[in-house]
Amino acid sequence: MALTFYTNPMSRGRIARWMLEEVAQPYDTVLVDWAGKPAALLEANPLGKVPTIVHDGAVVSEAAAICAYLAEAFPQAGLAPTAAERARYLRWMFFTAGPLEAAMVDKVLGVTVPPEREGMVGYATFAKAVDTLEAAVSESDYIAGERFTAADVYVGSAVGWFTQFGLLDKRPAFARYLERVEARPALTRARAIDDALIAAG
264 MALTFYTNPM SRGRIARWML EEVAQPYDTV LVDWAGKPAA LLEANPLGKV PTIVHDGAVV
324 SEAAAICAYL AEAFPQAGLA PTAAERARYL RWMFFTAGPL EAAMVDKVLG VTVPPEREGM
384 VGYATFAKAV DTLEAAVSES DYIAGERFTA ADVYVGSAVG WFTQFGLLDK RPAFARYLER
444 VEARPALTRA RAIDDALIAA G
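Mind the numbering: the sequence shown is residues 264 to 464 in the numbering used here, read in order.
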């Protein structure tokens with residue numbers, strides 16, 4: 264089966280790289296320069312966004328969707344949710360990709376939501392979004408339960424990035440969660456690949 268990965272090592276492509284290393288299937292990498300997008304990428308994804316994968320002709324973009332897709336496409340990796348895990352798996356992956364991401368972007372942009380408009384933005388307030396995430400990662404060892412799943416690739420990446428850039432406080436719950444998810448050998452491999460690409464410049 265053909266699996267092509269369009270990425271830039273200084274992008275959310277790092278999330279998809281981690282997931283690709285978790286499923287441990289062969290894939291071809293196409294590096295995307297911000298100045299010029301490959302025609303094949305634009306054909307697959309007119310926005311030219313990375314990460315994008317093409318798996319036997321099926322196009323998947325958006326990092327959370329790529330994580331979920333790969334977990335289902337390669338069930339032998341054991342990263343798709345069980346029936347008991349599915350609700351939390353979907354809830355927290357979509358919360359992180361939607362309301363939490365929006366809260367973080369608004370924070371960076373200096374957007375202040377008036378109290379009377381909080382119901383319109385999906386995350387209510389920045390503080391409530393962060394508190395909700397803290398409660399989610401505190402409920403069990405991993406975001407969907409006691410087992411690492413593809414949702415942890417996405418949520419773990421987000422917690423790591425938002426903490427690194429000072430958008431999330433370094434709360435003990437976040438530190439404990441990151442310690443667990445960042446111990447994954449696949450993440451070590453993925454980081455080494457992307458860091459080498461950045462160094463090669």
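For every residue, glycine included, the Cβ atom is placed at its ideal position computed from N, Cα and C.
* To do: Kindly list the residues whose CB is nearer than 7 angstroms to the CB of Pro362, restricted to its own chain and excluding five residues on each side of it in sequence; keep chain order.
  => In the sequence shown, residue 362 corresponds to position 99, counting from 1. Within the same chain, Pro362 has close Cβ partners Gly385, Tyr386, Ala392.
* CB Met282 to CB Ala413, shorter than 8 angstroms? -> Against the sequence shown, residue 282 aligns to sequence position 19. Against the sequence shown, residue 413 aligns to sequence position 150. In contact: Met282 and Ala413 (Cβ atoms closer than 8 angstroms).
* With Val317 as the anchor, note down where its beta strand (DSSP E) starts and where it stops. => As a first step, residue 317 must be located in the sequence shown, where it is residue number 54. Element bounds for Val317: 315-318.
* Asked: By Cβ distance below 6 angstroms, which residues in the same chain neighbour Leu333 in space, the five residues on each side in sequence not counted?
  -> Against the sequence shown, residue 333 aligns to sequence position 70. Once the five neighbours on either side are set aside, the close Cβ partners of Leu333 are Met282, Val286.
* Opposing strand residues paired with Leu294 [DSSP bridges] -> In the sequence shown, the residue the question calls residue 294 occupies position 31. Partner(s): Thr270.
* Report the residue from Ser401, Lys312, Tyr405, Cys330 whose alpha carbon sits nearest the alpha carbon of Ala340. => Translated into positions along the sequence shown, residue 340 becomes position 77. Out of Ser401, Lys312, Tyr405, Cys330, Cys330 has the C-alpha closest to the C-alpha of Ala340.
* **Supposed close pair Arg447, Gly408 - CB separation, criterion 8 angstroms** => Reading the sequence shown from its first residue, position 184 is the one you call residue 447. Reading the sequence shown from its first residue, position 145 is the one you call residue 408. No, Arg447 and Gly408 are not in contact; Cβ-Cβ is about 16 angstroms, not under 8 angstroms.
* To do: Check whether the Cβ atoms of Val400 and Ala436 lie closer than 8 angstroms to each other.
  => As a first step, residue 400 is located in the sequence shown; it is residue number 137 there, counting from the start. As a first step, residue 436 is located in the sequence shown; it is residue number 173 there, counting from the start. In this structure, Ala436 lies closer than 8 angstroms to Val400 by Cβ.
* To do: Measure from the alpha carbon of Met264 to the alpha carbon of each residue in Thr270, Pro314, Phe337, then state which is nearest.
  => Mapped onto the sequence shown, residue 264 falls at position 1. Of the candidates Thr270, Pro314, Phe337, the one whose C-alpha sits nearest the C-alpha of Met264 is Phe337.
* Does the Cβ-Cβ distance between Arg275 and Ala453 come in under 8 angstroms? -> Residue numbering aside, residue 275 sits at position 12 when the sequence shown is read from its first letter. Residue numbering aside, residue 453 sits at position 190 when the sequence shown is read from its first letter. No. Outside cutoff.
* Rounded C-alpha distance that separates Pro344 from Ile406 -> Within the sequence shown, residue 344 is the residue found at index 81, counting from 1. Within the sequence shown, residue 406 is the residue found at index 143, counting from 1. Distance between the alpha carbons of Pro344 and Ile406: 11 angstroms.
* **Cα-Cα separation, Phe428 to Glu442** => Position 165 of the sequence shown, counted from the first residue, corresponds to residue 428. Position 179 of the sequence shown, counted from the first residue, corresponds to residue 442. Each residue's Cα considered, the two are about 17 angstroms apart.
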